[in-house]
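Some notes on the structure that comes next.
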Amino acid sequence: MDDQNKNLILASALSFLVILGWFVAGPMLFPQWFPQETAATTTPAADGAATTPATPAAEAGTATALETEPLPEAPRLTIDTPKLSGSISMLGGRIDTLSLKTYHETIDAGSPNVALLSPVGQDFPYYAVFGWSPGKGLSNDDLPGAKSEWKITSGGTLAPGQPVTLTWDNGKGLLFTRTIAVDEDFMFTVTDGVQNNGTAEARLASYGIIARHGLPKMQNIYVVHEGVVRRTDGTLEELKYSKMPDMPVVEREGTNAEVVEATTDGWIGFTDHYWMTTLIPEQGKPYTAVTKYVPNANIYQTEVRQPVMTVAPGAKAEVTTRLFAGAKEWETIRAYQNQSGIPGFIDSIDWGWFFFLTKPIFHVLHWLHGLIGNMGVAIIALTFVLKVLVLPLAYKSYVSMARMKELQPEMEALKERAGEDKQKLQKDMMQLYKDKKVNPAAGCLPILIQIPIFFSLYKVIFVTIELRHAPFFGWLKDLSAPDPSSLYNLFGALPWAAPAAGTLTHLIFIGVLPILLGITMWLQQKLNPAPADPVQQQIFAWMPFVFMFMLGGFASGLVLYWITNNTITFTQQYLIMRSHGHTPDLFGNIKSSFKKKPVPVEAPDKVQKK
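Sequential numbering of the sequence shown, starting at 92, is according to my numbering.
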């Protein structure tokens, strides 16, 4: 087996093993084959979050108790922005009904809008609530709670540039106000104020809570983080829903919780595949970030708690907390980070371990999409950009492979001289490589470079919302989903539907893009004659088909990238080999691959031994 073929076998086998390991991860690629986590039975229609807003001084007490009955009907404040629609319940002043106007559940424009928040009494309640917890001298009855009905004192429909103010009077000298504003994207600004009209000072602490009743419906895909995401003092942390019940029981909280004291900056909330709700306190000030799971009610919570403040008679105090509730759009979130002063907010998007690749790759892809206007064409253009960046290394690799071909006569001579002495042959070959300045391992470099780029692009295509429902041309209407065409119905020519993505039938009856992928891999192989060794021949013969079926269930955008990459690589190799006087006999190699192989004839001495 010559060294060039050894390098090709090694590179192909390495790529195959890595892709195979990626493939067998199961839920990462084919979530439909794996059961989703099911929500545990919840306490019927719990009223609200279990709130025990603590402070660094550990003075504030429990603000709200759990309820077992749905909240009674109450007036609602309408939310209407270019991207959001919903309402706020005046009972508790909670933001609990919210849909995303610009996103649909499926690629069908007539399908329902994505519902983000939902009130208690519906499936999987999910909402944000703000309030006050009592300090020394006050009780929960003195403060607005989950069943306190707020009154609208200014404004009507909540819209950009049209804030609304709510009030609640405890009848004991404390007047509470809540001003809610919303921008044109997904950010609410909630300013809670208290006016002390009494004769004694009031000690109390502000809090904000995001609560989810029951385990939400999830994608359960390995490469996507779903659960708590938080940043405290520059440290980013993620916690899956499944890990929340394992948090230690904190005595003060009375349940499973993690309590983190922050001094400068941060935010905390829940992130889904494409959507997120996040509480953002005033930056540059201390606060307490709490992650909590209430097992008897099956409620998942994230909280932001402010330090206890003292409000003297006749004085007023205010606290502002922002709430992000919407889609994880890269451009929008980056603007909140860079222009609205939310440090590290771009990291709420799950960039993964290869963040140093995924971030710049997506940045370039987003720029190309804005320039071109078609995400599929942008992926093709991105492939050219990546190939240009690695061209010097690839060129060196292909030149090394071409020079290895030049050394074949000398290597054959070395084999004849060494005979059965393997050690001498190895030593002479290494000396030949050194004299001719050839690196036999250089042929592996393009594949080795390709692997992290492939994984990073897979992460970008699967995680970022910009790829969700992004069309290419024709039948490819969602580049984040597998190719929907299928051999099963001859790509739409026969009058029955193609198998659903993620099923075994879909995996077997692959579509147009996986077939093109196999063809481009096969053509790339034909730049070189088939190796003489029968084992190598079999490996090379089957490799394109293995990849063709393995990648058939990947996102079509990723397969499109791989096809483009193969095509560019083929062209590069052809031109470089030709420039070194070794013009590939492409058609001859293709013809030889279809010739019937002669049956080997046993040597006479072996026949006699039988």
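Where is the CB? At the ideal position from N, CA and C, for every residue including glycine.
A quick note: this is a predicted structure, and the numbers were derived from the prediction, not measured.
- If you draw a 10 Å sphere on the C-beta of leucine 462, you find fewer than 16 other C-beta atoms in it, and that means exposed.
- Ranked by Cα distance from glutamate 352, the first of Tyr378, Thr411 and Arg343 is Tyr378.
- Glycine 305 is classed as buried because its beta carbon has at least 16 other beta carbons within 10 Å across all chains shown.
- Inclusion of alanine 416 and isoleucine 186 in the CB contact set at 9 Å is warranted, their separation being smaller than that value.
- According to the DSSP assignment, tryptophan 566 belongs to no beta strand (DSSP E), since it is labelled neither H nor E.
- Apart from the 5 residues on each side of it in sequence, threonine 290 sits with its Cβ closer than 8 Å to the Cβ of Gly264 and Pro404 in its chain, given in chain order.
- Of the candidates Gly228, Ile301, Lys174 and Ala237, the residue whose Cα lies closest to the Cα of proline 216 is Ile301.
- One Cα belongs to proline 372, the other to glutamate 164, and the distance between them is close to 30 Å.
- DSSP, read as helix, strand or coil, puts glycine 375 in coil.
- Going by C-alpha positions, phenylalanine 446 is about 29 Å away from aspartate 274.
- Apart from the 5 residues on each side of it in sequence, methionine 466 sits with its Cβ closer than 6 Å to the Cβ of His460, Ala561 and Leu570 in its chain, given in chain order.
- Annotation note: the stretch 274-330 contains no uninterrupted alpha helix (DSSP H) run of length 4 or greater.
- Within the DSSP bridge table, the entry for glycine 357 names Thr323 as partners.
- Isoleucine 186: member of the beta strand (DSSP E) spanning 185-195, first to last residue.
- Taken in chain order, the whole alpha helix (DSSP H) runs of length 4 or more contained in the stretch 199-273 number zero.
- Per the Cβ contact rule, the stretch 416-428 is in contact with the stretch 205-222 (3 or more Cβ pairs under 8 Å).
- Three or more Cβ pairs closer than 8 Å define a contact, and the stretch 324-335 falls short of that threshold against the stretch 276-296.
- As computed with DSSP, glycine 609 is found in no beta bridge at all.
- Per DSSP, the unbroken beta strand (DSSP E) holding glycine 417 starts and ends at 407-418.
- Contact check between the stretch 549-564 and the stretch 595-609: fewer than three CB pairs, one atom from each, fall below 8 Å, which does not count as touching.
- Looking at Leu498, Ser180, Lys192 and Gly183, the one whose alpha-carbon comes closest to that of threonine 172 is Lys192.
- Within 10 angstroms of the beta-carbon of phenylalanine 279 lie 16 or more other beta-carbons, which makes it buried.
- Per DSSP, reduced to three states, the secondary structure at threonine 658 is helical.
- Note on geometry: alpha-carbon atoms of isoleucine 556 and tyrosine 365 lie some 6 Å from one another.
- DSSP places isoleucine 390 outside any alpha helix (DSSP H); the residue lies instead in the beta strand (DSSP E), whose first and last residues are 390-396.
- Lysine 407 sits exposed, since fewer than 16 C-beta atoms from the chains shown fall within 10 Å of its C-beta.
- A Cβ-Cβ separation of about 12 Å leaves serine 176 out of contact with arginine 167 under the 8 Å criterion.
- In the structure shown, arginine 508 adopts helical secondary structure according to DSSP, grouped into three states.
- Under the 10 Å beta carbon count, glutamine 514 is surrounded by fewer than 16 other beta carbons and is classified as exposed.
- Here the stretch 420-434 does not lie against the stretch 326-343, with fewer than 3 beta-carbon pairs under 8 Å apart.
- Listed as beta-bridge partners of leucine 168 by DSSP are Ile179.
- Under the DSSP definition of a beta bridge, methionine 367 partners with Thr362 and Gly417.
- Per DSSP, reduced to three states, the secondary structure at lysine 383 is strand.
- Per DSSP, methionine 338 lies in no alpha helix (DSSP H) segment and is marked neither H nor E.
- Residue Gly299 holds the alpha-carbon nearest to the alpha-carbon of threonine 411 among Met338, Gly299 and Ile542.
- Counting only residues of its own chain and dropping the five nearest sequence neighbours on each side, leucine 448 has a CB closer than 8 Å to the CB of Pro543, Ile544 and Ser547.
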